[in-house]
Every structure is written in C-alpha cells, then in structure tokens.
Amino acid sequence: MALIIRIIVILVVIYIFYKIVRYLTDPKRKLDEAYEKGQYYFYDDVKNVRKNFFISYKGALFEGEKYLGTTENAFEVVSIFVWVHDTGKLQGLAKEDFYNLEKEILLNYPNAKINWKNPIEQLMKE
C-alpha cells in the first residue's frame, strides 16, 4: 500500500512539473506578456496557413490573415492582410514602424504581398 502511495505522489509531482514547464513555454502567454509590457513579439504557427498570426509592437496588437496561393515552384503564402485590434494604440507610431513590421513579416513569408487595413492603409499611401 505504501508503494502505491509513493508512486502516486511521484506521478503527481511529475505532472505538476510538466504543467509548469508547459505554462512557461506557452507562446500565447509570451504574446500576452509582451503586449502588456509594450514589447515586440511575433506569434505565428508557420506550418498552419489557416491560423492568423499576431504581433505585439510598441503597445499595439496586430493580427495578420494569411492567404495561400501559387508561386513559380510551390504553394506559398502570397497575400497577407494586417490590422490593429485597437486603433487608439496606434498613437505615436510612424510610417517607419510599419515598414519595420513589414520586414519582420517578410522574413517568414518572403513571397507575400502585405496589405494594411484602415487607418494604416491611408498612412502608407501618403
């Protein structure tokens, strides 16, 4: 009986340790933390085209929707629409910030054409 209790206690400790490690390495938690602190973080599942990506940048949270298409040799993400969740958080951001975001997105999706949704679209046209 004592051996069974020891095994159960060991399994519970291992399970708790596993859950702590999973929590600390969770990319969604890292995105939320970066957003709260106003830091940069790129959260994306590159292998899943159907999932949108998120970028925390200078206190603003951006979301990007990926569209699959054909290139010369393969099927790739060819179009991306990016928008901000709260337009009030755009205050203080300049064109150069959006160019930096485009560069970061193009590192993961080099064949993509990036389209911004309003009001960012208007700023980029000027």
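Residue numbers (our numbering): 368 to 493. For each residue, glycine too, the CB sits at the ideal point set by N, CA and C. Nothing here was measured: the structure is a model prediction, and the numbers come from that model.
- V416 places its beta carbon less than 7 Å from that of K433.
- For E430, there is no enclosing alpha helix (DSSP H); the residue is part of the beta strand (DSSP E) that begins and ends at 427 to 437.
- Annotation: N475 to A461 spans about 23 Å, alpha carbon to alpha carbon.
- From the listed residues N482, P486, E469, E488, the smallest Cα separation to F409 is found for E469.
- Taking C-alpha positions only, E488 is separated from P477 by approximately 20 Å.
- Boundaries of the beta strand (DSSP E) around E443: 442 to 451.
- Scanning E430, V388, F465 for the CA closest to the CA of K492 turns up F465.
- In this structure, V451 sits away from F421, with a CB-CB distance that is not shorter than 7 Å.
- When the Cα atoms are used, I472 and Y402 turn out to be separated by approximately 18 Å.
- The beta-carbon separation of I447 and N482, rounded to 7 Å, stays under the 8 Å limit for a contact.
- A straight line joining the alpha-carbon of G426 with that of D411 spans about 18 Å.
- One thing to note: L457 has its Cβ no nearer than 7 Å to the Cβ of S423.
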